[in-house]
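One structure below.
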Amino acid sequence: MDARIVLLPGDGIGPEVVAQARLVLQAIAARFGHQFEFQSHPIGGCAIDEFGTALPDATLAACRKAQAVLLGAVGGPKWDDPKAKTRPEAGLLKIRKELGLFANLRPIRVQRQLVDASPLKKEIIDGTDILFFRELTGGLYFGDSGRNPHASGEEAFSTMIYNTGEIARIVRMAAEAARKRRGRLTMVDKANVLEVSRLWRQVSQEIISKDFPDLKYDVVLVDAMAMHLLAKPKEYDVVVTENMFGDILTDEGSMLTGSLGMLPSASLGSPGPGLYEPIHGSAPDIAGKGLANPLATILAAAMLLRHSLNLETEAKAIETAVDKVLDAGCRTKDIASGGPSLSTEAMGEKVVEAVKAK
Ligand code: NAD
Numbered sequence: 010m011d012a013r014i015v016l017l018p019g020d021g022i023g024p025e026v027v028a029q030a031r032l033v034l035q036a037i038a039a040r041f042g043h044q045f046e047f048q049s050h051p052i053g054g055c056a057i058d059e060f061g062t063a064l065p066d067a068t069l070a071a072c073r074k075a076q077a078v079l080l081g082a083v084g085g086p087k088w089d090d091p092k093a094k095t096r097p098e099a100g101l102l103k104i105r106k107e108l109g110l111f112a113n114l115r116p117i118r119v120q121r122q123l124v125d126a127s128p129l130k131k132e133i134i135d136g137t138d139i140l141f142f143r144e145l146t147g148g149l150y151f152g153d154s155g156r157n158p159h160a161s162g163e164e165a166f167s168t169m170i171y172n173t174g175e176i177a178r179i180v181r182m183a184a185e186a187a188r189k190r191r192g193r194l195t196m197v198d199k200a201n202v203l204e205v206s207r208l209w210r211q212v213s214q215e216i217i218s219k220d221f222p223d224l225k226y227d228v229v230l231v232d233a234m235a236m237h238l239l240a241k242p243k244e245y246d247v248v249v250t251e252n253m254f255g256d257i258l259t260d261e262g263s264m265l266t267g268s269l270g271m272l273p274s275a276s277l278g279s280p281g282p283g284l285y286e287p288i289h290g291s292a293p294d295i296a297g298k299g300l301a302n303p304l305a306t307i308l309a310a311a312m313l314l315r316h317s318l319n320l321e322t323e324a325k326a327i328e329t330a331v332d333k334v335l336d337a338g339c340r341t342k343d344i345a346s347g348g349p350s351l352s353t354e355a356m357g358e359k360v361v362e363a364v365k366a367k
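What follows is the structure, given as structure tokens:
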């Protein structure tokens, strides 16, 4: 396969971790006989410094022409001035909007080798493997909002709004994914209170009964889900929900694993390229010191192969390589629990070796 992959290393540790993911993708291309063409473009703070905007037109144009985009992270203290005309995060919001990325996929997989890094008890989290689908371009974060004068001072409002099409496309995507996994789909809402949730429930129910009767489907209220994630996370397979509930639940879920440096994510739309990134930020406190864990970005590269290039075997090859490296006791400082640790580059090299070794 020939594929064009755009790399957006960004700021802080972004360039360090993306460099390692690129080496892993090159090892995959060599092992499986693919041609991956890489192009690197600025986004975030470094783009503001060079071009005065967090998402230069040339970066966006290159992304549109690519099959997939791999992003590091953006931001840092240098660009934190609240009075600044533009901020690094504006680049992220714009690229998601421009590429129509309506589904955010967040796998929460507890690596058995790192089970002790979690703040939760081993017997509760061991074996947890959830794939969240969070709607990314609608709901409360994008509805009408504003302020009005009020007798007591002011009133403010934010509107949660969804239409049938927006709900249907992500529920379908999540249902397809559940079919390829363990066959269970959970829809999270607040239908006891919110009309918009009642539409989610209606649309989901119709799609599942008509096109996915083979799935084990259930609905859970968001407040109950917040508890279930901590009490019985192993029960869940694929979870689909709207933007704000997903924002909160996926961050809660990430704590099950105990390590930011291990978790990838993907944002998908259609048509057009998917965007893949680690869930962590630019970690300015450790940037340039060789301390960053590159595994989240390497696992994001595995998601890229799976979801944008349809290369399931190659995606699994990366995930297996990461497993082997962890089995062999290789750790970066953030997951070493005070024991010996490898640099960012050394960890990347270990994964490359494991990919090559088959
Ligand atoms: P952060 O995720 O960058 O860092 C939080 C803590 O986790 C830090 O102590 C950091 O050293 C550690 N950490 C993060 N990733 C790690 C890795 N791969 N290996 C080892 N340790 C790691 O969050 P923050 O400190 O709140 O934010 C820093 C900057 O990143 C801010 O400017 C923020 O706006 C930005 N940010 C960007 C994104 C993104 O680009 N998607 C996401 C979150 C935060």
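Going by this note's numbering, the sequence shown opens with residue 10, and the numbers climb by one from there.
Cβ atoms here follow ideal geometry from the backbone N, Cα and C, with glycine treated the same way.
- Beta-bridge annotation (DSSP): ALA12 is paired with PHE45.
- In the DSSP assignment, GLY283 is bridged to ALA77.
- Taking a C-beta distance under 8 Å as the contact criterion, GLY53 and VAL15 do not qualify as a contact pair.
- Annotation for ALA301 indicates a beta carbon within 7 Å of some heavy atom of the ligand NAD.
- In the displayed model, GLU107 falls within a helix according to three-state DSSP.
- For GLY290, the closest C-alpha among the options THR68, GLY278, SER274, ARG121 is that of SER274.
- The alpha-carbon separation between ALA345 and HIS237 amounts to approximately 29 Å.
- Here PHE47 has ILE14, LEU16, ARG31 as same chain residues with Cβ atoms under 7 Å from its own Cβ, once five neighbours each way along the sequence are excluded.
- Taking the C-beta atoms as reference points, MET253 is found nearer than 8 Å to TYR150.
- Note that the C-beta distance between GLY262 and ARG115 is below 8 Å.
- Beta-bridge annotation (DSSP): ARG143 is paired with ASN113, THR250.
- For the stretch 111-190, the full-length beta strand (DSSP E) segments reaching 3 residues or more read 112-118, 138-144, 154-159, 162-167 along the chain.
- The three-state reading of DSSP puts ARG340 in coil, since its state is none of H, G, I, E or B.
- Where MET271 is concerned, there is no enclosing alpha helix (DSSP H), because DSSP gives it neither an H nor an E.
- DSSP places THR195 inside the beta strand (DSSP E), whose first and last residues are 193-198.
- By the C-beta criterion, the stretch 61-77 is judged not to be in contact with the stretch 23-42, since fewer than 3 inter-stretch pairs fall below 8 Å.
- A distance below 7 Å between beta-carbons, with the five flanking residues on each side excluded, links HIS50 to the following residues of its chain, in chain order: VAL15, LEU17, ALA67, THR68, ALA71.
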